[in-house]
Amino acid sequence: MPREICRNFTPMTDHGWQTARFQTSIGDMAVVWKPHPFLIRRILLPGDFPEDLPPEVFIDDLDSARFCEPLTGMIRLIQDTLAGTAAHVPWESLTWDGISDLERAVYAQTAAIPRGSLSTYKEIARRIGRPRACRFVGNALSKNPFPVLIPCHRVIRSDNKTGGFTGGRSLKQQLIDAEAVQVSCAL
C-alpha cells in the first residue's frame with residue numbers, strides 16, 4: 006500500500022527535507038522537498054545525486070500512488086517541461102535560502118528565455134545591469150538549484166560553444182537539441 010507522504014509525514018531529517026526520485030525522458034531525476042509548507046530546495050539532474058541526500062522515496066507511478074499533490078504536480082511539471090510543454094515556474098514553491106538577490110536576478114532572466122531560444126552569459130549579465138559580470142552569471146548558473154524549471158541549459162558562451170552544465174555538456178546539448186526539435190515541430 007502506498008504511503009501518504011504529506012498527511013502522515015514524519016520528518017526524516019532535522020529540517021524535514023526528503024528526496025523524491027522519479028523517471029524523466031532524460032533519466033532519473035529527483036527533487037529535495039518538504040511538505041509543510043510545501044517547498045522545493047533542489048532539483049537534481051541524472052548523475053547529480055550527492056551522497057548526503059535526505060532520505061528518498063522512488064516514485065515510479067504518479068497515478069497509482071497517493072502522494073502529496075504539490076509534489077506530484079511539481080514532478081509532472083518537470084516531466085512535461087522536458088516533454089515540450091511550456092512551463093510556468095512556481096516561484097512560490099522554491100526556497101531561496103543562501104541565494105543572493107543578484108543570483109535570483111540571473112535565474113529570473115534565465116527563466117525568461119523562450120523554449121528553443123538561446124542566450125549568452127554576456128547577455129544575461131547585461132540584462133541584470135552588470136554587463137561585465139559574465140563570469141558571475143556562469144558561476145550562478147553552475148549553482149542553479151532548479152535546472153529544467155530555470156533552464157540554464159539555454160545559456161551558452163558568446164563564441165556559440167555550449168559552456169558548462171551541472172549535468173555535463175552532453176546533457177546540455179541534448180536538451181538544447183530536443184527543444185529545437187520540439188519548437189520546429191510545433192510551427
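Numbering-wise, the sequence shown is residues 6 to 192 according to the working numbering. Note that beta-carbon positions come from the ideal geometry of N, C-alpha and C, so glycine has one too. In this text the structure is predicted, and so the values were computed from the model without any measurement.
Pairwise C-alpha distance: aspartate 164 and asparagine 99: Within the sequence shown, the letter at position 94 stands for residue 99. Within the sequence shown, the letter at position 159 stands for residue 164. Here residue 99 turns out to be leucine, not asparagine, going by the sequence shown. The straight-line gap from Cα to Cα measures roughly 32 Å.
Who pairs with aspartate 106 in a beta bridge, going by DSSP? Within the sequence shown, residue 106 is the residue found at index 101, counting from 1. Beta-bridge pairing links aspartate 106 to no other residue.
Start and end residues, beta strand (DSSP E) containing alanine 35: In the sequence shown, counting from the first residue as 1, residue 35 sits at position 30. Where alanine 35 is concerned, the enclosing beta strand (DSSP E) starts and stops at 32-40.
Sub-8 Å separation of glycine 168 and isoleucine 161 beta-carbons: Taking the sequence shown and counting its residues from 1, one reaches residue 168 at position 163. Taking the sequence shown and counting its residues from 1, one reaches residue 161 at position 156. Yes, the pair counts as a contact, with Cβ atoms nearer than the cut-off.
Go to phenylalanine 43, then tell me how far its beta strand (DSSP E) extends in each direction, as first and last residue. If you number the sequence shown from 1, residue 43 lands on position 38. Per DSSP, phenylalanine 43 belongs to the beta strand (DSSP E) from 43-49.
Coil, strand or helix - phenylalanine 141 by DSSP: Counting from one through the sequence shown, the residue named residue 141 turns up at place 136. Phenylalanine 141 sits in a helix when the DSSP states are folded into three classes.
If we ignore side chains and look at the alpha-carbon of each, how far apart do arginine 120 and aspartate 182 end up? Position 115 of the sequence shown, counted from the start, is the residue given in the question as residue 120. Position 177 of the sequence shown, counted from the start, is the residue given in the question as residue 182. Computed Cα separation, rounded: 11 Å.
Which same chain residues end up closer than 6 Å to proline 150 when comparing Cβ atoms and leaving out the 5 residues on each side of it in sequence? By one-based count along the sequence shown, residue 150 stands at place 145. Once the five neighbours on either side are set aside, the close Cβ partners of proline 150 are Arg47.
Buried or exposed: alanine 88, going by 16 or more other Cβ atoms within 10 Å of its Cβ? Along the sequence shown, one-based indexing puts residue 88 at 83. It counts as exposed.
Measure the Cβ-Cβ separation of isoleucine 133 and threonine 115 and say whether it is below 8 Å. Against the sequence shown, residue 133 aligns to sequence position 128. Against the sequence shown, residue 115 aligns to sequence position 110. No Cβ-Cβ contact shorter than 8 Å links isoleucine 133 with threonine 115.
Residue range of the beta strand (DSSP E) that includes arginine 209: Residue 209 cannot be examined here, being either before or after the span of the chain that is shown, 6 to 192.
Residue environment, histidine 20, which counts as buried when at least 16 other CB atoms sit within 10 Å: As a working mapping, residue 20 is identified with position 15 in the sequence shown. By the neighbour-count rule (16 or more Cβ atoms within 10 Å), histidine 20 is not buried but exposed.
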